[in-house]
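Its first residue numbered 1, the sequence shown is counted upward by one per residue in my numbering.
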Amino acid sequence: MLPFEDPRWNELSTFYDDDLASVVHEWSMAVGFDQESDIYHRLFNLYLHQNTITNSAFVVVPYVVKHCQSVSAEDRAGYLIDVATVEYCRLRHGCWDGSPELDWAMQSYNDSIEIAQELVESVLDEGIDPELAAELRTLQPVLYGNLEMAIERQASRDNAG
1 MLPFEDPRWN ELSTFYDDDL ASVVHEWSMA VGFDQESDIY HRLFNLYLHQ
51 NTITNSAFVV VPYVVKHCQS VSAEDRAGYL IDVATVEYCR LRHGCWDGSP
101 ELDWAMQSYN DSIEIAQELV ESVLDEGIDP ELAAELRTLQ PVLYGNLEMA
151 IERQASRDNA G
């Protein structure tokens, strides 16, 4: 994970003009406390806005994967849906603003995607809310690089609903 004092945070693009490192740090300190959700909402809008991403997502995802392991199964499922959505966007469209994948960030990002694979399996076994489980199952294939299966599952859900 990129240390908060690393100057490479300044190389990242976000959807809003905010100090990304400070927001990630603030959220990571709030995990498990009342303000977690509000701060995460602010963070979410910096890296994953309206189902599009910027290269900041490749640095934020390792933090999300790390910290989601310490929350309830329902909350963990929500965070993992966001992680899978980032990977879906990366595979389908790349970064919205044309920002490149960052060579220096991708190893940590890819390691986090591998950890997320196991976390999704685990959280699905915990009997979470059926709607969260359905969304996770729909997106789960992208964590293994299978965008087409995720698209097919989404189409099936859309046609069934």
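Think of the CB as a built atom: it goes at the ideal place given N, C-alpha and C, for glycine as much as any other residue.
Which class does residue i belong to by DSSP, given the choice of helix, strand or coil?
i              : result
methionine 1   : coil
valine 142     : helix
serine 156     : helix
isoleucine 128 : coil
proline 100    : coil
leucine 136    : helix
proline 12     : Per the sequence presented here, residue 12 reads as leucine, with proline not at that position. Note: leucine 12 maps to coil in three-state DSSP.
Between which two residues does the alpha helix (DSSP H) holding residue i run?
i            : result
valine 120   : 103–124
glutamate 26 : 20–30
Considering only the alpha carbon of each residue, which of the options lies closest to residue i?
i                : options                          : result
glutamine 154    : Gly78, Pro3, Thr85 and Pro100    : Thr85
leucine 2        : Glu152, Gly145, His93 and Pro62  : Pro62
tyrosine 144     : Leu20, Ser28, Glu121 and Ala57   : Glu121
phenylalanine 44 : Ser70, Gly32 and Tyr16           : Tyr16
valine 24        : Lys66, Gln50, Asp34 and Asn51    : Lys66
serine 37        : Leu91, Val64 and Leu136          : Val64
isoleucine 113   : Arg90, Trp27 and Ala73           : Arg90
glycine 127      : Asn110, Asp75 and Trp104         : Asp75
leucine 46       : Asp82, Gly32, Ser72 and Thr138   : Asp82
isoleucine 39    : Asp18, Thr52 and Phe58           : Asp18
glutamate 26     : Ser13, Pro130, His41 and Thr14   : His41
isoleucine 115   : Leu102, Asp158, Arg8 and Gln140  : Gln140
valine 71        : Asp34, Ala160 and Glu87          : Asp34
leucine 147      : Arg92, Ala77 and Thr14           : Arg92
leucine 132      : Glu152, Ser108, Arg157 and Asn55 : Arg157
serine 28        : Gln69, Gln50 and Leu124          : Gln69
histidine 49     : Tyr79, Leu80, Asn10 and Trp96    : Trp96
Is residue i close to chain C? Criterion is C-beta to C-beta, closer than 9 Å.
i          : result
glycine 32 : Considering every chain present, this structure includes no chain C. It has just one protein chain.
> At which residue ranges does the segment 35–96 contain complete alpha helix (DSSP H) runs of 4 or more residues, listed in the order of the chain?
Replying inline: 36–47, 57–68 and 73–92
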